[in-house]
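Numbering (this note's numbering), first residue to last: 1157 to 1510.
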């Protein structure tokens, strides 16, 4: 049996704009994981057990023709692409028993907004590739997972920053690749092994440091949000695209300021970058009619500000999480207590390195 795991994620900066190719963002891998266990079988059956979805069995022969229409579509698409990838590399495809376990949800089963779909894909890729003893770099793992997402209905519009965090771990400076170019490669029926070996235009994957004496705090509002649904909300596509282009123009220098602050361990610069990025996100979501702010998120932000921490909504908003950064342990303790008193659950998360 081969076991692999992939971490969840939280966005630090660059949300919404990062769905545009070439736009920078900073995303953090956190220490909650999806685990995939893979065991090869002597027959041609693919037996998949998921603690979230239940169990399914398919044959290797029927795998290419399975429809991508239900909750299993990402798992099916991952197995389809892995099947093709193994064949590209001259490996005989056998049956597998796969077990997928997620620790990215709350105890009551609610999603915490940590990017569970991406973590499932990346963990499954790593487990199968490791079991077949094929070499694959973290960047190539990202690319294969991105190809899976691009070719799965209802997932191609996202930023794929969650895939970056799950593939690399740590704090990642990420810019989305040129989707038109990569889609063209896919449509021209190129081998997946060839595509992931290429340089992808505009893609940026770079690990960043995070000062050891700073505290990263995460507050969960208890209200799950659907990122794909949030991205589809609001104004007409033309108006939304114009607003997003303006958001990208305004936030790119702020993300760069944040990156510089992290590299120089300059807390004031990081705090300023987060505050200004949050203001830009308020403006954008108001313009396009996205239900971004909730009363609990407002409480999360205002409480942090009152105590002197730098805070920001993480991700698409509408629920889920906010984050705060402080370089003062006393502020961190006070904020944790204040959030808890306000009904916001502090999550015991830290940065996950791979």
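Where is the CB? At the ideal position from N, CA and C, for every residue including glycine.
The model shown is predicted, which means the values in this text are computed figures rather than measured ones.
C-beta atoms of residue 1275 and residue 1162 nearer than 8 Å: yes
Beta-ladder partner(s) of residue 1192, from DSSP: For residue 1192, which the question treats as bridged, DSSP gives the partners 1160, 1256.
6 Å Cβ shell around residue 1371 - same chain, five flanking residues per side excluded: 1482, 1488
Burial state of residue 1186, where buried means 16 or more other Cβ atoms lie within 10 Å: buried
Opening and closing residue of the alpha helix (DSSP H) in which residue 1312 lies: Note, residue 1312: premise wrong, no alpha helix (DSSP H); not H, not E.
Start-to-end residues for the alpha helix (DSSP H) that takes in residue 1433: Run containing residue 1433: 1423-1444, per the alpha helix (DSSP H) assignment.
Rounded C-alpha distance that separates residue 1510 from residue 1325: Residue 1510 and residue 1325: Cα-Cα distance of roughly 5 Å.
Nearest to residue 1472 (by Cα), restricted to the options 1164, 1171, 1454: 1171
Those runs of the beta strand (DSSP E) which lie wholly inside the region 1228-1280 and span at least 3 residues: 1252-1258
Reference residue 1240; option with closest CA among 1225, 1429, 1351, 1422: Cα-wise, what sits closest to residue 1240 is 1351.
Candidates 1222, 1227, 1223: closest to residue 1210 by CA position: The residue with the shortest Cα to Cα distance from residue 1210 is 1227.
Proximity to residue 1357 [Cα-Cα], best of 1367, 1348, 1375, 1337: 1337
Three-state class that DSSP yields for residue 1181 in the structure shown: strand
Among 1443, 1449, 1486, nearest to residue 1463 - alpha-carbon criterion: Nearest neighbour of residue 1463 by Cα position, chosen from 1443, 1449, 1486, turns out to be 1486.
Limits of the beta strand (DSSP E) - the one that residue 1210 falls within: 1210-1215
Start-to-end residues for the alpha helix (DSSP H) that takes in residue 1362: No alpha helix (DSSP H) holds residue 1362; the beta strand (DSSP E) holding it covers 1360-1364.
Which listed residue (1407, 1360, 1355, 1322) has its alpha carbon closest to that of residue 1329: 1360
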